[in-house]
Amino acid sequence: MTDIRNIVVLTGAGISAESGLATFRGPDGLWEGHRVEDVATPEAFARDPVLVHRFYDARRANLKTVAPNQAHAALARLDAAWPGDLLIVTQNVDDLHERAGATRVLHMHGELRSAWCRGCDARSRWEADLGHHPLCPRCGTGGGLRPDIVWFGEMPYEMDRIDRALMDADLFVSIGTSGNVYPAAGFVQTARYVGARTLEMNLEPSLGSTHFHESRIGNAGALVPAWVDEILAPTP
Ligand code: APR
């Protein structure tokens with residue numbers, strides 16, 4: 209793979225499915241029993257902060273019960289070994305990439321283990337619940353902390369950095385994402401535009417499947433380690 213130097217990997221909920229975390233768009237269209245709009249919009253938070261805090265507090269607590277799977281481990285192996293640029297852009301708010309050992313990770317939709325103070329704008333690492341209106345460790349204000357999650361209608365984080373990485377990419381790889389949510393769903397088109405090779409690995413063809421040069425269909429836990437073996441194999 210001598211022609212590939214810069215890689216952008218996009219991950220979605222499917223990469224964490226085999227760790228036991230629910231994806232967003234299951235067959236019944238519900239997410240942990242809720243419609244996405246009822247728990248993942250600023251309007252939902254303004255209308256019913258108790259429900260929204262309870263929802264994210266439960267998900268944050270649940271992180272302690274799950275572990276990275278083979279797909280996260282394989283990407284961490286790639287991260288440690290890849291000599292060129294690599295950016296793992298994740299839409300996931302779990303911390304399974306980091307717990308597997310990956311370091312070149314960007315959480316474009318925020319993180320469960322982070323709290324954002326609407327009073328002073330500071331972000332603080334957060335392990336406990338937020339629903340009981342704790343004080344912001346930075347400014348001391350009570351009741352201003354919200355989950356550091358990018359909700360529908362809000363701007364994903366670090367889009368400039370992501371765009372720069374895509375513009376330089378030789379290879380774009382999408383793993384475990386349905387292709388429903390923009391801007392992430394459009395990354396493949398940007399990558400194609402700049403001439404990158406594009407590959408998706410997903411349990412089923414994503415909505416944007418036809419944009420990829422190659423689609424591998426199956427479980428991330430099997431497909432991703434095999435792909436990392438391939439790309440790290442010495443060229444003959
Ligand atoms: N291996 C690979 N892919 C899988 C696996 C698996 N074991 N299990 C499920 N999938 C696939 C599903 O087939 C589906 O196409 O993962 C995809 C998950 O899609 P979504 O549930 O829509 O999740 P995602 O694409 O990450 O959602 C994007 O939507 O609600 C928002 O902000 C939220 O970041 C999220 C965004």
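Heads up, the sequence shown is in the numbering used here, so the first residue is 209 and it goes up one at a time. Cβ atoms here follow ideal geometry from the backbone N, Cα and C, with glycine treated the same way.
- May I ask you to check if the CB of H317 is nearer than 7 Å to at least one heavy atom of the ligand APR? If you number the sequence shown from 1, residue 317 lands on position 109. It does: the Cβ of H317 is within 7 Å (strictly closer) of some heavy atom of the ligand APR.
- Tell whether a beta-carbon distance below 8 Å holds between D265 and D337. The residue given as residue 265 occupies position 57 in the sequence shown. The residue given as residue 337 occupies position 129 in the sequence shown. Yes, Cβ-Cβ distance for D265 and D337 is below 8 Å.
- Message: Please tell me whether V389 and L295 are closer than 8 Å, where the distance is taken between their beta carbons.
- Response: In the sequence shown, the residue the question calls residue 389 occupies position 181. In the sequence shown, the residue the question calls residue 295 occupies position 87. Cβ distance not < 8 Å, so V389 and L295 don't count as in contact.
- According to DSSP, residues forming a beta bridge with R333: Here residue 333 is taken as the residue at index 125 of the sequence shown, counted from 1. Bridge partners of R333: S322.
- Message: Between which two residues does the alpha helix (DSSP H) holding M367 run?
- Response: Against the sequence shown, residue 367 aligns to sequence position 159. Start and end: 367–375.
- Message: Three Cβ pairs or more, each shorter than 8 Å: is that satisfied between the stretch 283–290 and the stretch 314–326?
- Response: no
- Start and end of the alpha helix (DSSP H) containing N270? Residue numbering aside, residue 270 sits at position 62 when the sequence shown is read from its first letter. Note, N270: alpha helix (DSSP H), 257–270.
- Query: Between which two residues does the alpha helix (DSSP H) containing V432 stretch?
  - Reply: Along the sequence shown, read from residue 1 onward, the residue named residue 432 stands at position 224. Looking at the DSSP string, the run of the alpha helix (DSSP H) that includes V432 is 428–440.
- Message: DSSP three-state label for I212, please.
- Response: The residue you call residue 212 lines up with position 4 of the sequence shown. DSSP places I212 in coil when its eight states are reduced to three.
- Item | Under the three-state DSSP convention, the category T418 falls into | As a working mapping, residue 418 is identified with position 210 in the sequence shown. In the structure shown, T418 sits in a helix (DSSP, three-state: H, G or I).
- Message: With a threshold of 7 Å (Cβ to nearest heavy atom), would N427 be considered close to the ligand APR?
- Response: By 1-based counting over the sequence shown, the position of residue 427 is 219. N427: yes, Cβ under 7 Å from the ligand APR.
- Query: Within the chosen definition, does the stretch 408–416 reach the stretch 245–257 through at least 3 CB pairs nearer than 8 Å?
  - Reply: No: fewer than three Cβ pairs fall under 8 Å.
- Measure the CB-CB distance between A254 and A284 and report whether it falls below 8 Å. As a working note, residue 254 is residue 46 in the sequence shown. As a working note, residue 284 is residue 76 in the sequence shown. The answer is no: Cβ separation not under 8 Å.
- Task: Excluding the 5 residues preceding and the 5 following S386 in the sequence, name in chain order all residues of the same chain whose CB lies nearer than 6 Å to its CB.
- Result: In the sequence shown, the residue the question calls residue 386 occupies position 178. Contacts found: R233, S414.
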